Every structure is written in structure tokens, then in C-alpha cells.
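Colleague:
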Amino acid sequence: MKFTVEEFRAWKRKCVTLLGMSGVGKTHLSGLLRRHDWFHYSGDYRIGTRYLDEPILDLIKSRAMRDPFLRDLLRRDWITIRNVIKINDLGPVLSFIGKLGNPEQGGLPLDEFSRRQALYREAEIAAMFDLPEFVRKAQEVYGYAHLVNDVGGSLCELEEPRVIDMLARHSLILYIRVPEADEIKLIERAQADPKPLYYRPEFLQTAVKDYLELRQLDYVAQIEPDDFTRWVFPRLFHSRVPRYEAIAQPHGYTVSSEDVAQVRDEADFLALVESAIARSA
Numbered sequence: 006m007k008f009t010v011e012e013f014r015a016w017k018r019k020c021v022t023l024l025g026m027s028g029v030g031k032t033h034l035s036g037l038l039r040r041h042d043w044f045h046y047s048g049d050y051r052i053g054t055r056y057l058d059e060p061i062l063d064l065i066k067s068r069a070m071r072d073p074f075l076r077d078l079l080r081r082d083w084i085t086i087r088n089v090i091k092i093n094d095l096g097p098v099l100s101f102i103g104k105l106g107n108p109e110q111g112g113l114p115l116d117e118f119s120r121r122q123a124l125y126r127e128a129e130i131a132a133m134f135d136l137p138e139f140v141r142k143a144q145e146v147y148g149y150a151h152l153v154n155d156v157g158g159s160l161c162e163l164e165e166p167r168v169i170d171m172l173a174r175h176s177l178i179l180y181i182r183v184p185e186a187d188e189i190k191l192i193e194r195a196q197a198d199p200k201p202l203y204y205r206p207e208f209l210q211t212a213v214k215d216y217l218e219l220r221q222l223d224y225v226a227q228i229e230p231d232d233f234t235r236w237v238f239p240r241l242f243h244s245r246v247p248r249y250e251a252i253a254q255p256h257g258y259t260v261s262s263e264d265v266a267q268v269r270d271e272a273d274f275l276a277l278v279e280s281a282i283a284r285s286a
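Residue 212 in this note's numbering is what sits at position 207 of the sequence shown, and the numbering runs on without skipping anything.
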């Protein structure tokens, strides 16, 4: 959707999609808006509770079955295992995605890692296509006036144009750009606490090849999972920036993470969006 400032102000049922890398403030903004009559639609929460719920439970159960005591309880249906995910704690989803590398250090073989990556991609696409229905639910079922769509940082990696077209039809896309001065800080934060990530298959193939050559390793099973995740993040970050820009330029608006950090309430957020619209015009 494209707006003038006046049209955005008059939009009675606002729907804003927040686009950008993890750590730029999407979930912070969404939580803030939730306190101001906005429904918080979290793509990753939807993925974990709807589209990856069964694969996550299967993974947990397969691990539990290795223990004779738990195995007996599970086979007799004497215990149940439940996948508990919170908006601000997506631990089960991250654990399912996992990290590539040495199994003795918690890593996954390339085939299994790639299988889970593919499942995550399909789940993210499905979760995004649920947006129009959740816009309806937010208004008709839960009584919220507006909706904020908090998408994962990997949205730009999906290579599924239909997703972007749908988001552009049903929401205002707001890209949160990281200024060059803050890029190092974001990268350092990510490297200090390396988390599982989604990679495009072509990107992953090249990154693994380059990493093995750099570290003089012969096999993926020799990779230290956290070391690979730290090493690959700057490369991933810089590969995603032009992809975000390619979405935002024709379909949305751009603000900086510095400006997002100054938002304290709904009025600040609306003013931020209006300033982005005015700059675009």
C-alpha cells in the first residue's frame, strides 16, 4: 500500500509490516504498540505454534525416546510433551533450526540442517499468507483497531515474490534500516550470542565452501557450530541489505533503527511512519 500522510492518518484499520534484521527493534515496537490497541502478529510465533509445532514435538520426542525411562512413559501415553513458545522467547523454534557442524558440539549434519531449513522456509511463507485472516480476526474476534506484523529477519531470503505482493496489498511495509555507524554494534551483538539462522540454499552452499577452505577443514562435521555462526553473520547481514532495499523501494517506506530507538508510544510511532511517507513523497 502507498499513502499520502493524510491518507495514512485517515486509515481506520491500520496494518503495518515491520521489515529488517533481527535486533533492529521490530519486536520492541510491536510490544509497545500492543499496549495501544494494536494486535501483535508475530510471524515466528505463528511458525512455532502452527506450522512447525509437530516437527518440533517429533524432535523432542525422538530425543526423549533415547532414555529408557521416558521411552516407556511415552509409549504408554503416561506423559505428554507440549511445545511452549512465547512472543519474546522463541526457543523451541531456534532449537529446531539448529546450527550446522560437529554433532559432538551440538551441530547438525548438512543434510539434516538443510531439511530443517527447508521446513522453516515453507512455514514462514505459510505464516505470511495467514496475515489477511489475522487482520480480520484482530478486528472481528479480538476487537483490536490495528495490527502490526512482526516478521522474521529472513523474510527477504524466501525468494517468493507472492509473499511480498500480498504484504504490499494488505499492509504498509516499513523497513528499519541499520545506519552504517550501527552495523558493527548489531553484528557484535549477534556474534556475542550466536543464534540459529535461516540461510538461502545458494548462500549456505557458498558460505560452507568458503568456511571449510578458510579453516582448512575437510568435512562439515569438523565445523565448530558457534564459530561458523559467528563467522557467517557479517556476510549474511551484508547480503540481506540489498534484498531489504529491493522490497522497500517499490513497496514500502524506510526509517532508521536510530529513529526506532526513540519511539516511546503510539504517537511517536505514527509520527515516525508519517515522516517516512513524507520523505518518500
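From the three backbone atoms N, C-alpha and C, an ideal C-beta is built for every residue, glycine too. As the structure is a prediction and not an experimental result, all values here were calculated from the model.
For the stretch 167 to 176 and the stretch 82 to 100, state whether three or more C-beta atom pairs, one from each stretch, are separated by less than 8 Å.
Modeller: No, the stretch 167 to 176 is not in contact with the stretch 82 to 100.
Colleague: List the whole-angstrom C-beta distance separating GLY25 from TYR249, where the pair is believed to meet the contact cut-off of C-beta under 8 Å.
Modeller: The residue given as residue 25 occupies position 20 in the sequence shown. The residue given as residue 249 occupies position 244 in the sequence shown. Correct: roughly 7 Å between the Cβ atoms.
Colleague: Which whole runs of the alpha helix (DSSP H) in the stretch 84 to 164 are 4 residues long or more, in chain order?
Modeller: Entirely contained in the stretch 84 to 164, the alpha helix (DSSP H) runs reaching 4 residues are, in chain order, 96 to 102, 115 to 134 and 136 to 145.
Colleague: Would you check if the stretch 54 to 63 and the stretch 148 to 162 touch, i.e. whether three or more CB-CB distances between them fall below 8 Å?
Modeller: No contact exists between the stretch 148 to 162 and the stretch 54 to 63.
Colleague: Leaving out the 5 sequence neighbours to the left and right, which residues in its chain are closer than 6 Å to ARG245 when beta-carbon positions are compared?
Modeller: Mapped onto the sequence shown, residue 245 falls at position 240. Within the same chain, ARG245 has close Cβ partners CYS161.
Colleague: Using only the alpha-carbon positions, how far apart do PHE13 and LEU219 sit?
Modeller: Counted from its first residue, the sequence shown places residue 13 at position 8. Counted from its first residue, the sequence shown places residue 219 at position 214. Approximately 50 Å between the Cα atoms of the pair.
Colleague: Can you give me the start and stop residues for the alpha helix (DSSP H) that THR364 sits inside?
Modeller: Nothing about residue 364 can be read from this structure; the chain reaches only from 6 to 286.
Colleague: According to DSSP, what are the bridge partners of VAL21?
Modeller: On the sequence shown, position 16 is the one that residue 21 refers to. Answer is VAL153 and LEU177, bridged to VAL21.
Colleague: Tell me which residues share the same chain as GLY30 and place their Cβ nearer than 7 Å to its Cβ, disregarding the 5 neighbours each side in the sequence.
Modeller: Counted from its first residue, the sequence shown places residue 30 at position 25. Same-chain partners within the cutoff: ILE181, SER262, VAL265 and ALA266.
Colleague: Nearest-angstrom Cα distance between ARG141 and LEU23?
Modeller: Position 136 of the sequence shown, counted from the start, is the residue given in the question as residue 141. Position 18 of the sequence shown, counted from the start, is the residue given in the question as residue 23. When rounded, the distance between both Cα atoms is 19 Å.
Colleague: For a quick check, are the C-beta atoms of PRO247 and LEU105 less than 8 Å apart?
Modeller: Residue 247 sits at position 242 when you count from the first residue of the sequence shown. Residue 105 sits at position 100 when you count from the first residue of the sequence shown. Result no, Cβ atoms of PRO247 and LEU105 do not sit closer than 8 Å.
Colleague: Per DSSP, SER47 forms a beta bridge with which residues?
Modeller: Taking the first residue of the sequence shown as position 1, residue 47 is located at position 42. DSSP output for SER47 lists ASP155 as bridge partner(s).
Colleague: Three-state secondary structure (DSSP) at ARG182?
Modeller: The residue labelled residue 182 in the question sits at position 177 within the sequence shown. Reduced to three states, the DSSP call for ARG182 is strand.
Colleague: Got a sec? Which residues, its chain only, sit under 7 Å from ALA195 by beta carbon, not counting five neighbours each side?
Modeller: For the purposes of this step, residue 195 is taken as residue 190 along the sequence shown, with counting starting at 1. Closer than 7 Å at the Cβ level, and outside the excluded window around ALA195, lie GLY28 and PHE238.
Colleague: Let's test the definition: count the other Cβ atoms within 10 Å of the Cβ of GLN254 and tell me whether it reaches 16, buried, or not, exposed.
Modeller: Stepping through the sequence shown from its first residue, residue 254 is reached at position 249. The residue in question, GLN254, is exposed, as its Cβ has fewer than 16 Cβ neighbours within 10 Å.
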